[in-house]
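Written out below as structure tokens is the structure these notes cover.
Residue numbers (this note's numbering): 7 to 287.
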């Protein structure tokens, strides 16, 4: 499981000040507590807390970069922002006042990631710091959030409902070996996927061949029976991915769902990461 694979490392400073969170603040003085509903509470703008915000993209210096699958941010009412930068998890102090979000110091894990993901994480860490302007808009199936820095860089995020284990087409996004996460072999992106049925079945594609079989669910455990697959030959990268996935999807494994991200860990710390497709409105 990802939580077990990663250990918290040294503090990564995302900003230079320490803050606490407040979703609302009590009014003082004549008229300051008038919210229009007699509650005596000053409204602080769009609701940002308690929402799982998927990171869609990051725009820095006019250049837009699509976020890695699984990147997300959650802002809690206790003054903490948690989430995933694309590979590593983070925690940071945060304050929300109206449409202003101020991010303070935080910590991150240190998991080995692919170079392009590391570059995204560094850029995301720089953008998600200090004072940010928040703008929330309704959209089909959820809401869209844009966080903009004083320099004009921006983070695009969206809210979506969590994905269930069964009935979801889980797209394989990465492989894991111990504490190291790697991208899929070049040219195999978006090819491998799996779907669990409520009847204990599993089917999908290993990157080259389609497969089906049994997968018994018990708590956080998935036990795979023998998988039957087609036997066509494909290019070397696809066959490499297929062999890796076959090594994960056998026997007793453990799994974890984090909103719309799935991780499965098999024997010897070999595992995979997968993500649910964008929810349809």
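Where is the CB? At the ideal position from N, CA and C, for every residue including glycine.
Cut-off 7 Å between Cβ atoms - residues of its own chain near residue i, not counting five sequence neighbours on either side
| i | result |
| --- | --- |
| residue 270 | 228, 254, 259, 261, 277 and 278 |
| residue 236 | 215 and 216 |
Bounding residues of the alpha helix (DSSP H) (the contiguous stretch that carries residue i)
| i | result |
| --- | --- |
| residue 254 | 242-254 |
| residue 129 | 121-133 |
Terminal residues of the beta strand (DSSP E) in which residue i lies
| i | result |
| --- | --- |
| residue 179 | 175-183 |
| residue 101 | 95-103 |
| residue 226 | Premise fails: residue 226 is in no beta strand (DSSP E) and is neither H nor E. |
| residue 4 | Limits of the chain in this structure are 7 at one end and 287 at the other, which puts residue 4 out of reach. |
| residue 82 | Note, residue 82: premise wrong, no beta strand (DSSP E); not H, not E. |
| residue 237 | Counting along the chain, residue 237 falls outside any beta strand (DSSP E), and DSSP gives it neither H nor E. |
| residue 109 | 106-115 |
Counted within 10 angstroms of its Cβ, other Cβ atoms place residue i as buried (16 or more) or exposed
| i | result |
| --- | --- |
| residue 266 | buried |
| residue 239 | exposed |
| residue 222 | exposed |
| residue 69 | exposed |
| residue 197 | buried |
| residue 125 | exposed |
| residue 101 | buried |
Contact set for residue i: own chain, Cβ-Cβ below 6 Å, skip 5 residues either direction
| i | result |
| --- | --- |
| residue 272 | 254 and 259 |
| residue 328 | Because the chain spans 7 through 287 in this model, residue 328 falls outside it and cannot be assessed. |
For residue j and residue i, believed in contact at Cβ under 8 Å, the rounded distance
| i | j | result |
| --- | --- | --- |
| residue 61 | residue 77 | 4 Å |
| residue 153 | residue 191 | With 8 Å as the limit, residue 153 and residue 191 do not qualify as a contact, their Cβ atoms being about 34 Å apart. |
| residue 290 | residue 140 | Since the displayed the chain opens at 7 and closes at 287, residue 290 lies outside it and no answer follows. |
| residue 59 | residue 165 | 6 Å |
Same chain only: Cβ atoms within 8 Å of residue i, ignoring 5 sequence neighbours per side
| i | result |
| --- | --- |
| residue 209 | 200, 201, 203, 216, 217, 218 and 219 |
| residue 226 | 7, 260, 261 and 262 |
Is the segment 153-169 close to the segment 85-97, with three or more CB pairs under 8 Å? no
Are the segment 112-119 and the segment 179-188 touching by the rule of at least three beta carbon pairs closer than 8 Å? yes
Should the segment 230-237 be called in touch with the segment 207-220, which here means at least 3 C-beta pairs below 8 Å? yes
At least three beta-carbon pairs within less than 8 Å, the segment 95-111 to the segment 59-74: no
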